[in-house]
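S.K.: Count the sequence shown with the working numbering and you get residues 14 to 128, in order.
The structure is given below, and queries will be raised subsequently.
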Amino acid sequence: MDFKDQKPIYLQIAESICDSILAGKFRENEKLPSVREFAAEVEVNVNTVARSFEWLQNQDVVATRRGLGNFVNEGAREAVLQLRKREFFEEQVPEFFRTMKALGITLEEIIPYNK
């Protein structure tokens, strides 16, 4: 996994797991690889992966079943879609409109690009 500097590694790992859920690689109620297995796979500290799983639990994407491991929650795909939509509206849309304003672009000018 190639990590970028703009975001904490634990969030990048969590996003990768979310991508896998959206792609159908991890299905609802499916057991995920252990924290140690994930850490070995992406070559990071176990604590970093544990933090990723904790973040995913807080977002209702993953649940820990005591003694069994981490599982993809029922409704995780929808939860990930909602997370992505929220991120889009909170981060990308405002930046888009700031750029439009800086360049003097009107809404009428962008309508033809909505295909």
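Glycine included, every Cβ here is placed at the ideal spot set by N, Cα and C.
Using CA atoms only, rank isn't needed, just tell me which of Ala63, Leu96 and Val55 is closest to Leu35.
M.R.: On the sequence shown, position 22 is the one that residue 35 refers to. When each option's Cα is compared against that of Leu35, the closest is Leu96.
S.K.: Let me see if you follow: with CB-CB separation under 9 Å, is Val93 close to chain C or not?
M.R.: The chain inventory of the structure shown lacks chain C, comprising one protein chain alone.
S.K.: Which residues in the same chain as Phe39 place their Cβ atom closer than 6 Å to its Cβ, once the five residues preceding and following it in sequence are excluded?
M.R.: By 1-based counting over the sequence shown, the position of residue 39 is 26. Around Phe39: Ser33 and Val85.
S.K.: The beta strand (DSSP E) spanning Asn83 covers which residue range?
M.R.: Here residue 83 refers to the residue found at position 70 when the sequence shown is read from its first residue. Looking at the DSSP string, the run of the beta strand (DSSP E) that includes Asn83 is Gly82 to Val85.
S.K.: Assuming contact is defined by CB atoms lying nearer than 9 Å, are Thr61 and Ala53 in contact in what I supplied?
M.R.: In the sequence shown, residue 61 corresponds to position 48, counting from 1. In the sequence shown, residue 53 corresponds to position 40, counting from 1. No, Cβ-Cβ distance for Thr61 and Ala53 is not below 9 Å.
S.K.: If we count the other Cβ atoms within 10 Å of its Cβ and call it buried at 16 or more, is Val75 buried or exposed?
M.R.: Along the sequence shown, one-based indexing puts residue 75 at 62. Result: buried.
S.K.: When we look at the beta-carbon of Phe66 and count the other beta-carbons within 10 Å, is it buried (16 or more) or exposed?
M.R.: What you label residue 66 is simply residue 53 of the sequence shown in a count that begins at 1. Result: buried.
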